[in-house]
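Participant: Numbering (the numbering used here), first residue to last: 320 to 1190. Even glycine gets a Cβ: it sits at the ideal position worked out from N, Cα and C. Please read these numbers as outputs of a predicted model, since none were measured by experiment. First, the structure itself, so that you have it in front of you.
Here you go:
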């Protein structure tokens, strides 16, 4: 009999959990453009799970967004999102017996038939275990029963997830557009069959790997050590080699043109548009560049059409052109010809990921120049040309210096350079070359003014399915020596060195090139408390050392050099790439041989392309040295944003409610939502002047996080008359509801800083005790409480702020459930806080919820509501 699982009590979560965790907006959903389908009508329900916090997950919008759209477009299926809860949220959910839940319908994760994780990074594995445990789903696939969901994974780490394979029912590597809809159709067709029979049917698919149907075989080497001999299939349905799904063309219909808008600020809150998938540069360290082959480009008109519509539906003001090497996107100049005029005129910026130095052109610099305040990033990867030839990077020192000179010419004064240490055949001279390179960049920059250069250095972690998969990672002691060389080498004062702890890369390598034995280590680390290992603040190396030791293993067993004739644990899921080709590239690295991109020369027989694709790919890219100056140089006729921005002539004053989950959206996020919504409806808003103009929006005093607001106020200064307020609020997140509004032909004085009184409603299960306390307060001449501001403690008398209180009827909709009204003065923008009046943050008298019911302006000694000023 199945163990009963708790259902989600979201009211309990909203009232008792979210007010007591950091960043509660992570857990509320309600985003603009979310898709909420009928739960009961869906035959197959998929949870799209990202094993990191919301802010990180909502930055991976391209792949996640494609699957979110495609699955929800199926008439028989739905897809909803789940992100990993931070440690405080995990603890609160466990304390209250609540499961992890989806954001769209807030159903428990265990209620979905399919739970799908994206594997972006090996250090996410322990978070996957947390999410499964919070859902009441057995962590190991072999322990799951008929009532449990199928746990599936995809993403870059799916090409070798052997270290965590015991946790997954199915692995879908390759292009999700092809693999996932087919898999969900199989889930639908096999309903009613026993779980084992369904897995056998799944395993027949070319792109589906069922780890339970494979068993590792072992033997001893000449030194008496256990060595992996290969995988033995335990079911006839299992394939000898599982191939990743591959699509020939990037169909524009698969891309979302109404992407999700994060409810709180994400790590990257912008419109990300994929221009190209795959890379044929052949950088020998790059896992993504190997497994995402072959190169497939989108038509520039398709990219532009998606960007246009998505901008209209989101209000974003930045478009990031995504690929592994956007400078290699052959139609880039053609795309920029149109996009520069269109986007610059609408004050929309174009940005690029970190760039290859030899591909950065004046045209790209011009396109990205509106983003120059955030700095420009280049990835030389190694400090010397010799080492760059070994890793097949191929760019020269002069390529980098020409690129940064162009960046400085176009206004950038902050440059970030990405490097790695611990690469194969690296010497101390190569490490010192990192500092030498950064020093030279500083000297070039001084010709243009004051500059900053940051050299971000990461220890190299060899990846499976790359030519460096045979390389033995340096020891931690060797990494620390390299860091010491970096620190000791003299650098210019403008150079800032930043390096990542090598211990993280050591664990990452063990997980990335590990075999099935590692799953016990991951589970043991999780039991010891490992969470969010990708976060420097949370990573605990000693904990991982203990986990390996508890399982009778060491990390060195997995980070060691591999013999060229050794069977590797991931060969049965290694995809289209030829092992012979990878080995040949490894030999070329030893000889310091750089090989050109097959798109600029000849096919190298890597095995990624079908015969038809070879014809498309080989020779398709014009070598950079042969590209026309007209295609690369900046244009003189780009439309520039006018300095004569519209000025304020009118005021639109709005009152609105901030209720439900929206009370966990902070004020700055609210401002961004309103700014984007005004852009979507094309309201004629007035702008500030200067270098960084902004819409003229004036909100009332910010609501403390977690408070409800029933009559919040916003002034929008307009250049022309406009009152389409209902349409404006149709583009706001859940819980932000239009109240009333009034248009003034004249510009009104802003409400900001002018309120003199507010009325708060207290929602409490003990209103009588609250009232008695407030009556005692009313009889006092003074009520001194300590306040701390900027590290200094002062005593404040709150009695002058307290104007009185009265009873409310909680059943009256106007009271928003409050049973007591507290009247408070506002003096120079300051007032008393309920927790101060009621005995401090730990007082038993604290209300369940606080509602700001009203705010009043002083007009000639009379208290008026904000809209009354418009009459």
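1. Near residue 962, what residues of its chain come up, given a Cβ to Cβ distance below 7 angstroms and the 5 sequence neighbours on each side ignored?
2. Taking residue 399 and residue 362 to be in contact with their CB atoms under 8 angstroms, please state how far apart those CB atoms are, rounded to whole angstroms.
3. Quick one: using the 10 Å Cβ neighbour count with 16 as the cut-off for buried, is residue 508 buried or exposed?
4. Would you identify the three-state DSSP class for residue 417, choosing helix, strand or coil?
5. Could you check what DSSP says for residue 456 in three-state terms: helix, strand or coil?
6. Does residue 738 pass the burial test, meaning 16 or more other C-beta atoms within 10 Å, or should it be called exposed?
7. What's the call for residue 332, buried or exposed, on a 16-neighbour Cβ count within 10 Å?
8. Jot down the residue ranges of each uninterrupted alpha helix (DSSP H) in the segment 646-732, minimum 4 residues, whole runs only, in chain order.
9. Apart from the five residues on each side of it in sequence, which residues of its chain come closer than 6 angstroms, Cβ to Cβ, to residue 1048?
10. With a CB to CB cut of under 7 angstroms and the five nearest residues on each side skipped, what residues in its chain are close to residue 623?
11. Could you tell me if residue 1103 is buried or exposed, where buried requires 16 or more neighbouring beta carbons within 10 angstroms of its beta carbon?
12. Buried or exposed for residue 922, going by 16 or more other Cβ atoms inside 10 Å?
13. Which residues mark the beginning and the end of the alpha helix (DSSP H) in which residue 398 is found?
14. What residue from 766, 749, 772 has the CA that sits closest to residue 697's CA?
15. Just the Cα atoms here: how many angstroms apart are residue 639 and residue 388?
16. Who are the Cβ neighbours of residue 801 in its own chain at under 6 angstroms, not counting the five residues just before and after it?
17. Among all the DSSP beta bridges, which residues are the ones paired with residue 473?
18. Quick check on this structure: which residue in 756, 537, 990, 566 has the alpha carbon closest to the alpha carbon of residue 526?
19. Starting from the C-beta of residue 375, find all residues in its chain whose C-beta is less than 7 angstroms away, skip the five residues before and the five after it, and write them out in chain order.
20. Between residue 727 and residue 862, what straight-line distance do the alpha-carbon atoms span, to the nearest angstrom?
21. Which of helix, strand or coil does DSSP assign to residue 1114?
22. Closest by CA to residue 403, which one among 723, 853, 642, 625?
23. Helix, strand or coil, according to DSSP, for residue 789 in the structure here?
24. What is the C-beta distance between residue 1082 and residue 1005, in whole angstroms, given that I count them as a contact (C-beta under 8 angstroms)?
25. To the nearest angstrom, how far is it from the Cα of residue 747 to the Cα of residue 429?
26. Tell me residue 926's beta-bridge partners as DSSP assigns them.
27. Taking 8 angstroms as the threshold (C-beta atoms), are residue 377 and residue 578 in contact?
28. Let me confirm a value: residue 723 is counted as buried when at least 16 other C-beta atoms fall within 10 Å, else exposed. Which label applies?
29. Given a cut-off of 8 angstroms on the beta-carbon distance, is the pair residue 345 and residue 520 in contact?
30. Threshold first: 3 residues or longer. Then list the beta strand (DSSP E) segments lying entirely within the segment 746-790, N to C.
31. What does a CB cutoff of less than 6 angstroms around residue 338 pick up in its chain, not counting 5 residues either side in sequence?
32. Using the Cα positions of residue 449 and residue 845, report the straight-line distance between them to the nearest angstrom.
33. Quickly, what does DSSP pair residue 991 with across the bridge? List them, please.
34. Taking the straight line between their C-alpha atoms, what separation do you get for residue 837 and residue 891?
35. Is residue 735 helix, strand or coil when you go by DSSP?
36. Starting from residue 533, trace the beta strand (DSSP E) in both directions and tell me its first and last residue.
Facilitator: According to the data block:
1. In the chain shown, residue 962 corresponds to position 643, counting from 1. Low confidence applies here, because residue 962 scores a pLDDT of 49, under 50, leaving its location unreliable and the question unanswered by this model.
2. Looking up residue 399 in the chain shown gives position 80. Looking up residue 362 in the chain shown gives position 43. Not a contact, Cβ separation roughly 15 angstroms.
3. Position 189 of the chain shown, counted from the first residue, corresponds to residue 508. It counts as exposed.
4. Counting from one through the chain shown, the residue named residue 417 turns up at place 98. Coil.
5. Residue 456 sits at position 137 when you count from the first residue of the chain shown. Note: residue 456 maps to coil in three-state DSSP.
6. The residue you call residue 738 lines up with position 419 of the chain shown. The residue is buried, with at least 16 neighbouring Cβ atoms inside 10 Å.
7. Numbered from its first residue, the chain shown carries residue 332 at position 13. Buried, by the Cβ-count rule.
8. 651-664, 681-687, 704-709, 716-728
9. On the chain shown, residue 1048 is found 729 positions in, with the first residue counted as 1. These residues qualify, in order along the chain: 1057.
10. In the chain shown, counting from the first residue as 1, residue 623 sits at position 304. Cβ neighbours of residue 623 beyond the five flanking positions: 654, 657, 658.
11. Counting from 1 along the chain shown, the entry for residue 1103 is found at position 784. That one is exposed.
12. Counting from one through the chain shown, the residue named residue 922 turns up at place 603. By the neighbour-count rule (16 or more Cβ atoms within 10 Å), residue 922 is not buried but exposed.
13. Position 79 of the chain shown, counting from 1, holds the residue named residue 398. It is not in any alpha helix (DSSP H) - residue 398 instead sits in the beta strand (DSSP E) that spans 396-402.
14. Within the chain shown, residue 697 is the residue found at index 378, counting from 1. Comparing Cα-Cα distances from residue 697 to each of 766, 749, 772, the minimum goes to 772.
15. The residue given as residue 639 occupies position 320 in the chain shown. The residue given as residue 388 occupies position 69 in the chain shown. Straight-line Cα distance between these residues: approximately 20 angstroms.
16. Position 482 of the chain shown holds residue 801. Only 740, 750 meet the Cβ criterion.
17. Indexing the chain shown from 1 puts residue 473 at position 154. The partner list for residue 473 (beta bridge, DSSP) reads 437.
18. The residue given as residue 526 occupies position 207 in the chain shown. Ranking the options by Cα distance to residue 526, first place goes to 566.
19. Here the question's residue 375 lines up with position 56 in the chain shown. So the list reads 586, once near-sequence residues are dropped.
20. Counting from 1 along the chain shown, the entry for residue 727 is found at position 408. Counting from 1 along the chain shown, the entry for residue 862 is found at position 543. Taking the straight line from one Cα to the other gives about 45 angstroms.
21. The sequence position of residue 1114 within the chain shown is 795, counting from 1. Three-state DSSP puts residue 1114 in a strand.
22. Taking the first residue of the chain shown as position 1, residue 403 is located at position 84. The shortest C-alpha separation from residue 403 is found at 853.
23. Looking up residue 789 in the chain shown gives position 470. Here residue 789 sits in helix by DSSP.
24. Residue mapping note: residue 1082 aligns to position 763 of the chain shown, counting from 1. Residue mapping note: residue 1005 aligns to position 686 of the chain shown, counting from 1. The pair is not a contact, with the Cβ atoms about 38 angstroms apart (cut-off 8 angstroms).
25. Taking the chain shown and counting its residues from 1, the one referred to as residue 747 is at position 428. Taking the chain shown and counting its residues from 1, the one referred to as residue 429 is at position 110. Taking the straight line joining both Cα atoms gives about 52 angstroms.
26. Walking along the chain shown from the start, residue 926 turns up at place 607. According to DSSP, residue 926 bridges with nothing at all.
27. If you number the chain shown from 1, residue 578 lands on position 259. If you number the chain shown from 1, residue 377 lands on position 58. Result no, Cβ atoms of residue 578 and residue 377 do not sit closer than 8 angstroms.
28. Your numbering for residue 723 matches position 404 in the chain shown. Burial call: buried.
29. In the chain shown, counting from the first residue as 1, residue 345 sits at position 26. In the chain shown, counting from the first residue as 1, residue 520 sits at position 201. Against a cut-off of 8 angstroms, the Cβ pair of residue 520 and residue 345 comes out as no contact.
30. 771-778
31. What you label residue 338 is simply residue 19 of the chain shown in a count that begins at 1. Closer than 6 angstroms at Cβ, skipping near neighbours: 1025.
32. Locating residue 449 in the chain shown gives position 130, where the first residue counts as 1. Locating residue 845 in the chain shown gives position 526, where the first residue counts as 1. Computed Cα separation, rounded: 8 angstroms.
33. For this step, residue 991 is matched to residue 672 along the chain shown. Answer is none; residue 991 lacks a bridge partner.
34. Locating residue 837 in the chain shown gives position 518, where the first residue counts as 1. Locating residue 891 in the chain shown gives position 572, where the first residue counts as 1. Those two C-alpha atoms are separated by around 18 angstroms.
35. Start at 1 with the first residue of the chain shown, and residue 735 comes out as number 416. Correct three-state label for residue 735: strand.
36. By 1-based counting over the chain shown, the position of residue 533 is 214. Where residue 533 is concerned, the enclosing beta strand (DSSP E) stretches over 533-539.
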